[in-house]
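So that you can map any letter, position 32 of the sequence shown is 30 in the numbering used here, and since no number is skipped, the others follow by simple counting.
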Amino acid sequence: MTGRRVGWALGSPVALLLLWELCSRTNLVDSRVLPPPSAVLARVVELFGNGELLPHLEATLVRFAAGLALGVVAGVLVGLTMGLFGVVRRVVNPLIAVLYPLPRIAMFPLILILLGFNERANILEITLAPFFTMAISTLGAVLAIDPIYRDVAKSFETGTLDLYLRITLPAVLPAVIGGLRVSIGLALMSTTAVEFLAANTGLGYLIWHAWQILSLKDCLAAMVVAGVLGTIAYGLVSLLERVAVPWRAQVPA
């Protein structure tokens, strides 16, 4: 069964790559506009070999990891607090309702004005994407918990920390994992956008710079590396799910 799942998982990407290679090699698509995957992969190896790609990958990885971690932790904490305490929910929920629909990149100029052109501003912008997703998904999960569990906790005079960590958080872990899956893509998109606009390192910067000089192999090579980074992060979340939420991870795909 595991081998069959792996086959299904790899089948569609491999088929797409083969179709892409065929179209480029037979000139159905201009290879100058869309180089074949083999050429892109060769360029990735070349960029790693000459040391040009590694600094950009490291810069993106640091920004992505920092923004994702801060956004997830803050979002879960805010979501738990809003769900557990009605006063906090009534105060904070309208703010989230106003800010959440705004495009994240539209907030970036204000952040740059407040913090300046530096890494703190970049990471704060990246943090916003997972923060709202995690806060909203966690809030919904807390509100869906049967009130009897909180009533029992109150009857035993459970402390606030235990109420967070031993009762509420385990109950909402499936929703938190689901929100984390979505947050990975949002954080990576925000990282790339930030590097387009306000950085001179990173995969996003490399994509934008390569596009400006029409170096399409470099552009696609950086996109491939960014995609692999996101795939690895997604896989790590799956491993986390197996440890933190084993009963959910055992559901057949």
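In this text, a Cβ means the ideal position worked out from N, Cα and C, and glycines have one as well.
Exercise. Determine, using beta carbons only, whether Thr131 and Val180 come nearer to each other than 8 Å.
Key: With contacts defined by Cβ atoms closer than 8 Å, Thr131 and Val180 form a contacting pair.
Quiz item: Which same chain residues, not among the five before or five after Gly200, have their C-beta less than 6 Å away from its C-beta?
Solution: Its chain contains His54, Ala57, Thr58 and Glu193 as the residues whose beta carbon lies nearer than 6 Å to that of Gly200, once the 5 sequence neighbours on both sides are disregarded; these appear in chain order.
Practice problem: Identify whether Pro53 lies in helix, strand or coil by the three-state DSSP scheme. | Solution: Pro53 falls in the helix class under three-state DSSP.
Quiz prompt | Burial state of Phe62, where buried means 16 or more other Cβ atoms lie within 10 Å | solution = When all chains shown are included, Phe62 counts as buried.
Quiz item: How many angstroms separate the CA atom of Pro11 from the CA atom of Asn116?
Solution: Whole-angstrom Cα-Cα distance: 37 Å.
Quiz prompt | Close Cβ partners of Thr79 (< 7 Å) along its chain, the five nearest in sequence each way excluded | solution = The residues are Val86.
Quiz prompt | Cβ pair count under 8 Å reaching 3, the stretch 16 to 35 against the stretch 87 to 101 | solution = Judged by Cβ distances under 8 Å, the stretch 16 to 35 makes no contact with the stretch 87 to 101, as fewer than three pairs qualify.
Quiz item: Using 8 Å as the Cβ pair cut-off and three pairs as the minimum, do the stretch 203 to 210 and the stretch 152 to 169 touch?
Solution: The stretch 203 to 210 is not in contact with the stretch 152 to 169.
Quiz item: When the Cα atoms are used, what is the spatial distance from Ser188 to Glu155?
Solution: Linking Ser188 to Glu155 through their CA atoms gives a straight-line distance of about 43 Å.
Practice problem: Helix, strand or coil for Ile94, going by three-state DSSP, please let me know. | Solution: Correct three-state label for Ile94: helix.
Quiz item: Between Asp216 and the rest of its own chain, which residues show a CB-CB distance below 6 Å, the 5 nearest in sequence each way excluded?
Solution: Cβ within range, chain order: Ala208.
Quiz prompt | Rounded C-alpha distance that separates Gly225 from Leu186 | solution = Their Cα atoms are separated by approximately 9 Å.
Quiz item: Between Leu184 and Pro128, what straight-line distance do the alpha-carbon atoms span, to the nearest angstrom?
Solution: Taking the CA atoms as reference points, Leu184 sits about 6 Å from Pro128.
Quiz item: Whose CA, out of Val89, Ile182 and Leu52, lies closest to the CA of Val235?
Solution: Measuring from the Cα of Val235, the nearest candidate turns out to be Ile182.
Self-check item: Rounded separation between Gly49 and Val42 - CA only
Solution: Approximately 11 Å between the Cα atoms of the pair.
Quiz item: Quick one: what does DSSP say Val27 is sitting in, helix, strand or coil?
Solution: Note: Val27 maps to coil in three-state DSSP.
Self-check item: Beta-carbon proximity list for Trp18, same chain, < 6 Å, skipping 5 on both sides
Solution: Close CB contacts of Trp18 within its chain, under the 6 Å cut and outside five residues either way in sequence, are with Pro35 (chain order).
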